[in-house]
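Worksheet: one structure, shown below.
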Amino acid sequence: MALSEQTINFNYGQAMGKAGQLSAAAGALESGAVNDVGTIITAIKRDWTGVNADEYTSKCAAEQENLRQIADDMRATASTMETMAENIKAAELRALEIARAEEAARRAAEEASARGNNI
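And the structure:
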């Protein structure tokens, strides 16, 4: 049996909400951790010099890029979730439409049969 339109819309809203949360978490990661690492790198370069400082800031920059990539991947996943939710909603609404049409046809056939038996 097809889901009700209310259930379909509820599920869609839930999926879109989760995608939005994931996208927001990606933004928080980028604006928080990624920017914080940038601030740390700047402070280290200002206060520490030498080969060890360069190696350390190089590692920090690599980790900063890893965090940025994770945020990008999270956004891409959220976008995929949104696309999937839209596709599933459309398919479920189409299934509901088909189920309603089949039910209407079944009832019409029953009514026609009942009228035929009354003759």
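According to our numbering, the sequence shown is numbered sequentially starting from 50. The C-beta atom is built at its ideal place from N, Cα and C for all residues, glycine as well.
Cut-off 8 Å between Cβ atoms - residues of its own chain near Val83, not counting five sequence neighbours on either side: Translated into the one-based positions of the sequence shown, residue 83 becomes position 34. Same-chain partners within the cutoff: Gln113, Leu116, Arg117, Ala120.
Residues near Lys94 by beta carbon distance below 8 Å, same chain, minus five either side: The sequence position of residue 94 within the sequence shown is 45, counting from 1. Around Lys94: Ala102, Thr106.
Residue environment, Ile57, which counts as buried when at least 16 other CB atoms sit within 10 Å: Sequence index remark: in the sequence shown, residue 57 carries index 8 (1-based). With 16 or more other Cβ atoms within 10 Å, it is buried.
Neighbourhood of Glu141 by C-beta distance below 6 Å, restricted to the same chain and skipping five residues each side: Position 92 of the sequence shown holds residue 141. So the list reads Leu52, Ile57, once near-sequence residues are dropped.
Nearest-angstrom Cα separation, counted from Glu131 out to Ala92: In the sequence shown, counting from the first residue as 1, residue 92 sits at position 43. In the sequence shown, counting from the first residue as 1, residue 131 sits at position 82. So the two alpha carbons sit approximately 40 Å from each other.
Candidates Ala127, Glu104, Phe59, Asp85: closest to Lys67 by CA position: Within the sequence shown, residue 67 is the residue found at index 18, counting from 1. Checked all of Ala127, Glu104, Phe59, Asp85; the closest Cα to Lys67 is Ala127.
Ala51 in three-state terms, based on DSSP: Taking the sequence shown and counting its residues from 1, one reaches residue 51 at position 2. The answer is coil: DSSP assigns Ala51 none of H, G, I, E or B.
Residue nearest to Gln55 in terms of C-alpha spacing, selected from Ala73, Met133, Leu145: As a first step, residue 55 must be located in the sequence shown, where it is residue number 6. Per the Cα distances, Leu145.
Whole-number beta carbon distance between Ser72 and Arg170, since they are thought to touch under 8 Å: Nothing can be reported for residue 170, as the shown portion of the chain is limited to 50 through 168.
Element boundaries [alpha helix (DSSP H), containing Ala82]: Here residue 82 is taken as the residue at index 33 of the sequence shown, counted from 1. Note, Ala82: premise wrong, no alpha helix (DSSP H); not H, not E.
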